[in-house]
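Chemist:
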Amino acid sequence: YIGEYVEQSPLGKAEWLVAIGEMFDKRELAEEIFSGIEAEYVSVRDSVAQYCEFQRMISSSGRDMRPEVMLNAPWRDTWFVPGDRSYMVRLINDAGGLYVARGDDSERSRPLSAESAFVMASRSDVWIGPGQAGTLAEVRSLNTRLKEIPAVANGRVYNTTARSTPDGGSDFWESGALRADIVLKDFVKILQPGLLPGHEFYYIKHLQ
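When you read off a place in the sequence shown, starting at 1, and then add 168, the result is the number in our numbering.
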């Protein structure tokens with residue numbers, strides 16, 4: 169009965185707390201907690217948007233200065249990437265990044281050929297979510313060509329595996345569904361680190 173998994177909005181996922189609060193006769197408390205999460209998320213998102221616009225304005229070329237981001241990992245000869253309205257892409261946008269595979273106005277994932285995906289990866293500054301890889305060496309072992317892409321060469325690869333649930337799953341998809349504010353801050357630390365110098369990664373792992 170809990171449908172947060174179909175929500176593509178980070179705050180939409182978190183708002184399911186209110187429905188759960190209603191089930192346990194704790195709606196008022198749930199609304200109070202969600203309001204705090206929402207306010208923090210919106211504050212961070214708006215600060216990022218203002219900062220990125222300022223960076224664009226002071227750029228000598230007027231070019232968008234946000235880093236390009238690649239998502240997911242190759243599986244055999246295919247690389248699945250989400251659409252522009254998906255959860256992960258919304259986080260990237262709100263955190264001050266540009267999704268390198270943008271252009272598909274949907275929530276669905278789509279397959280890319282390995283060749284097309286590697287072209288996109290070669291244009292990316294950051295890579296988030298390289299499958300189950302926990303180190304840069306494991307990333308390189310996925311495909312020999314991966315060591316040549318900028319995100320790998322420059323050590324800007326991150327995964328959502330910093331925290332595990334008691335059953336061994338990724339807590340990014342568990343408590344992270346509620347704590348949209350913390351997840352956003354993790355993404356901001358990746359994409360616009362100067363904005364949150366005091367924030368430490370909670371759900372995100374920087375691969376070494």
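We put the CB at the ideal spot given by N, CA and C, even for glycine.
Please report the residue range of the beta strand (DSSP E) in which M233 lies.
Modeler: It is not in any beta strand (DSSP E) - M233 carries neither H nor E in the DSSP assignment.
Chemist: Looking only at C-alpha atoms, which of M233, K181 and A217 sits nearest to R224?
Modeler: Of the listed residues, the one whose Cα sits closest to R224 is M233.
Chemist: Going by DSSP, what residue range makes up the beta strand (DSSP E) through N322?
Modeler: No beta strand (DSSP E) contains N322, which DSSP labels as neither H nor E.
Chemist: Looking only at C-alpha atoms, which of P334, E342, M288 and D335 sits nearest to A319?
Modeler: Of the candidates P334, E342, M288 and D335, the one whose C-alpha sits nearest the C-alpha of A319 is M288.
Chemist: Please report the distance separating the alpha-carbon of V268 from that of E275.
Modeler: Looking at the two C-alpha atoms, the distance is approximately 16 Å.
Chemist: Could you tell me which whole alpha helix (DSSP H) segments of length 4 or greater appear in the segment 265-350?
Modeler: With a minimum length of 4 residues, the continuous alpha helix (DSSP H) runs that stay inside the segment 265-350 are 282-290, 304-310, 318-321 and 343-346.
Chemist: So for F369, helix, strand or coil by DSSP?
Modeler: Coil.
Chemist: For the beta strand (DSSP E) containing P250, list its first residue and its last residue.
Modeler: Start and end: T246 to P250.
Chemist: State the DSSP-derived secondary structure class of L197, mapped to helix, strand or coil.
Modeler: Looking at L197 - three-state DSSP - the assignment turns out to be helix.
Chemist: Would the segment 303-323 and the segment 369-376 be scored as touching if the rule is three or more Cβ pairs under 8 Å?
Modeler: Yes: the two stretches touch, three or more of their Cβ pairs being nearer than 8 Å.
Chemist: Between Q176 and S254, which are expected to be in contact by the criterion C-beta below 8 Å, what is the C-beta distance as a whole number of angstroms?
Modeler: 6 Å between Cβ atoms; contact.
Chemist: Let's see if you can read the secondary structure: which residues bound the alpha helix (DSSP H) around N261?
Modeler: From DSSP, the alpha helix (DSSP H) with N261 extends over Y255 to D262.
Chemist: Please return the same chain residues whose Cβ sits closer than 6 Å to the Cβ of G251, not counting the five positions on each side in sequence.
Modeler: Closer than 6 Å at Cβ, skipping near neighbours: D272, S274, E275 and R276.
Chemist: May I ask you to report which of helix, strand or coil DSSP gives L239?
Modeler: In the structure shown, L239 sits in a strand (DSSP, three-state: E or B).
Chemist: Can you give me the C-alpha to C-alpha distance between I296 and G180, rounded to a whole angstrom?
Modeler: If I take the Cα positions, the gap works out to 22 Å.
Chemist: Which whole-angstrom value is the C-beta distance of V307 and G265, which I expect to be below 8 Å?
Modeler: Incorrect: roughly 19 Å between the Cβ atoms, too far for contact.
Chemist: Just the Cα atoms here: how many angstroms apart are R291 and Y169?
Modeler: Going from the Cα of R291 to the Cα of Y169 covers about 41 Å.
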